[in-house]
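Throughout the sequence shown, residue numbering follows UniProt numbering, covering 1 to 290 in sequence.
What follows is a single structure, written as structure tokens, with notes after it.
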Amino acid sequence: MKKQTAMNRDWIATARTLSEALPYLQRYTGAIVVIKFGGHAMGDDAEMESFARDVVLMRQVGVNPVVVHGGGPMINEMLSRLGVESEFVRGKRVTDAATVEVVEMVLSGRVNKRIVQAINDQGGRAVGLSGKDGGLMTCDQTDPSLGFVGTPADVNPAVLHKLFEAGMIPVVAPLGAGRNGETFNVNGDTAAGAVAAALKADRLLLLTDVAGVKDASGEVVTELSPDHIRELTEAGIIAGGMIPKTETALAAIAGGVRAVVILDGRAPNACLLELFTDHGAGSLIRAPRD
């Protein structure tokens, strides 16, 4: 009898959660949400499965998700396996002609197709592509000393809109085409921000291995304005690997994205918590409301 009572409580809690999610489900129907997927979750089969299930659920309730992924650890592993030695300038890898071939092979091949398969295994209809497909992302060289590393100069999201219309979930590898046909490796966060801006996305979710943006006392700040981000950066509170993420957030908002959320991708169902519950799951960055 006690077991039955506990089960009934679980069912009631589940029903209540679904009921409370209704306003959020209505709010995001038809919305475009770009998700930067990377970090720890990419290397864990169970977390990959959970992420894929969340993405499929988002599509099922009317959201148009786009997944943009990274793949640094997998690239490093393959370079080592193939014996391709890397040169570094100011702590950044030089992407020479040999390296960019490996980068494209890993990102567009192994990593991209693994995510596509995970989403399809959960009942979704995912399509893998890179910024080179359909004229999605044209890049300029970021720094000649770094080789084939690119900065998005023009993003044409027409191919993504076609996939939305067909009920597909785009999974984008962060590679772009140069103006002379070169292949450029693009930072995953930067690529996600550029895609989100071109789509005028409702949300850009940057999944990380930390809980969010923290203040001077180490507490996660749940909502920030661009000015607050700049103040924390100037004070040295936002530092290290969080700086490029907040810079991506600021650029995306300036480009027309409604809001950016930096959240912990290790948390179970992080995307669903952020979109469909009261409390969210990270640090939301948006311009002040009028």
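Every residue gets a Cβ at the ideal spot worked out from N, C-alpha and C, and that includes glycine.
On a predicted model such as this, the values are computed, not experimentally measured, just so you know.
Item	Value
L82 versus R27: straight-line alpha-carbon distance, rounded	48 Å
Proximal residues to L204 (C-beta, below 6 Å), its chain only, five neighbours per side dropped	V34, A196, A252, V257 and V260
Every unbroken beta strand (DSSP E) inside the region 19-70 [3 residues or more]	32-37 and 64-69
Option in A46, I169, I75 and T222 with minimal Cα separation from V127	I169
Inter-residue Cα distance where the pair is I262 and E234	19 Å
Coil, strand or helix - S217 by DSSP	coil
Enclosing alpha helix (DSSP H) for R114 [first to last residue]	N112 to D121
Integer Cβ distance of K36 from A281, believed to fall under 8 Å	Incorrect: roughly 14 Å between the Cβ atoms, too far for contact.
Inter-residue spacing [alpha-carbon to alpha-carbon] between A194 and G72	19 Å
Member of M74, V94 and A98 whose CA lies at the smallest distance from the CA of V84	A98
Test item: CB-CB of V149 and N185 under 7 Å	yes
Secondary structure of K200, DSSP reduced to three states	coil
Cross-strand partners of D154 (DSSP beta bridge)	T138
Residues of its chain near I285, where Cβ-Cβ distance is below 6 Å and the 5 sequence neighbours each way are ignored	L224, A249 and V260
Assumed close pair H69, V159 - CB separation to whole angstroms, cut-off 8 Å	Between V159 and H69 the Cβ distance is about 17 Å, and since that is not below 8 Å, they are no contact.
Coil, strand or helix - R9 by DSSP	helix
Inter-residue Cα distance where the pair is D133 and G240	33 Å
Other residues of its chain near T277: CB distance less than 6 Å, five sequence neighbours each side excluded	none
D133 in three-state terms, based on DSSP	helix
D189 burial status per 10 Å Cβ neighbour count (16 or more: buried)	buried
Cα-Cα separation between L272 and K113, rounded to whole angstroms	23 Å
For E104 and L129, the rounded distance between their alpha carbons	11 Å
Pairwise C-alpha distance: G62 and T29	5 Å
D264: first and last residue of the uninterrupted beta strand (DSSP E) it sits in	A259 to D264
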